[in-house]
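*Asks:* Got a structure for you, questions after.
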Amino acid sequence: MTPRIPKTNAGAVKKARLALPIFNSIENIDARRGYKRCATPGVGVGIIGGPQGTTDFWRDNSGSIIVRFSSRGDVYCYSVRHATGAPMTDEYIDNSFVWYVEAILLAWISDDPDYSPSSYFRESK
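As numbered in UniProt numbering, the sequence shown has no gaps in its residue numbers, which increase by one up to the final residue, 125.
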């Protein structure tokens, strides 16, 4: 399922789709152990009078980006790499990736809270 993209950042998300990152579900992490905050530490979105959600970004020792989605008490963590399998550059994270994750987060909090955000992106098998 493709996320519903708000008009404000639709152009950035379309550019990010040229090489969609690959998400791998992981256990919830303790960010104090072996992770480094990215230059853009995360994204938060909210619907007036409705749900709010946040994502946090870290880099692990292998160069993968760890993304933690949280909303309404639910927390989901993913290890993310570029579509080529290579680690993501800080420039890519600060530009295209942030907009892509923001669109996923907004779609996730707008829909049924019983599902993980994984239905909105490409997950490795």
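Note that CB positions come from ideal geometry on N, CA and C, so glycine has one too.
On a predicted model such as this, the values are computed, not experimentally measured, just so you know.
1. Of the residues Glu-102, Gly-63, Ser-119, which one's Cα is nearest the Cα of Ala-86?
2. Taking the C-alpha atoms as reference points, what is the distance between Tyr-78 and Trp-108?
3. Consult DSSP for Pro-41 and reduce its assignment to one of helix, strand or coil.
4. From the DSSP output, in three-state form, read off Tyr-76 for me.
5. I need the boundaries of the beta strand (DSSP E) containing Ile-104, first residue and last residue.
*Replies:* To lay it out plainly:
1. Gly-63
2. 15 Å
3. strand
4. strand
5. Note, Ile-104: premise wrong, no beta strand (DSSP E); alpha helix (DSSP H) at 98 to 110.
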